[in-house]
Amino acid sequence: MWADAELWSDVQKRIEDAVKQRQEAVVVTTEIQEELLEEMGVEAKFGISCLGKVNAVYKDDRELMLRFYTFVTKEELACDEAELGSHAFQLKMQQFERIQDQVCSNPCRPCIIKQSQLEVK
Numbered sequence: 001m002w003a004d005a006e007l008w009s010d011v012q013k014r015i016e017d018a019v020k021q022r023q024e025a026v027v028v029t030t031e032i033q034e035e036l037l038e039e040m041g042v043e044a045k046f047g048i049s050c051l052g053k054v055n056a057v058y059k060d061d062r063e064l065m066l067r068f069y070t071f072v073t074k075e076e077l078a079c080d081e082a083e084l085g086s087h088a089f090q091l092k093m094q095q096f097e098r099i100q101d102q103v104c105s106n107p108c109r110p111c112i113i114k115q116s117q118l119e120v121k
């Protein structure tokens with residue numbers, strides 16, 4: 001959904017602006033989701049309620065679940081960056097990457113979402 005770099009930049013800016021105005025980042029991301037759903041012809045409240053059911057309805061569709069959680073992760077990262085600030089966010093990401101490297105290098109526990117899947121294209 002946020003594959004377009006310009007759209008991603010706009011999303012990040014909106015979240016940052018909201019955090020600066022002491023609004024909850026999740027409120028802004030929900031508004032953005034509603035806008036995207038409306039643009040796709042889906043009534044916003046209905047679409048949001050369906051997002052909460054993706055886990056149960058599509059649990060056996062590995063590709064869809066991977067894409068969905070990649071989307072969720074991008075959203076969470078945008079919120080974290082806005083709330084923490086650039087420096088603290090970078091430190092958190094470095095720590096995450098160290099942990100991910102340890103998990104992904106463990107042959108008993110393969111990594112499901114690779115870092116390259118989280119990057120904005």
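Per full-length UniProt numbering: the sequence shown = residues 1 to 121.
Here a beta-carbon is modelled for each residue, glycine too, at the ideal position from N, C-alpha and C.
Keep in mind it's a predicted model, so treat the numbers as computed, not measured.
Quick one, which of the options has its alpha-carbon nearest residue i's?
i   : options              : result
L84 : S9, I48 and I15      : I15
L64 : E75, L51 and E76     : L51
E35 : A78, K59, L7 and D61 : L7
T73 : A56, S86 and M93     : M93
V54 : A88, F71 and R98     : F71
What residue range is occupied by the uninterrupted alpha helix (DSSP H) comprising residue i?
i    : result
K45  : A44 to L51
K59  : Counting along the chain, K59 falls outside any alpha helix (DSSP H), and DSSP gives it neither H nor E.
Q100 : S86 to C104
Q33  : A25 to E39
Since residue i and residue j should fall inside the 8 angstroms C-beta cutoff, what is the C-beta to C-beta distance between them, to a whole number of angstroms?
i   : j   : result
I32 : V19 : Contact doesn't hold; Cβ gap of about 14 angstroms is too wide.
Pairs of beta-carbons, one from the region 20-33 and one from the region 71-84, closer than 8 angstroms: are there three or more?
yes
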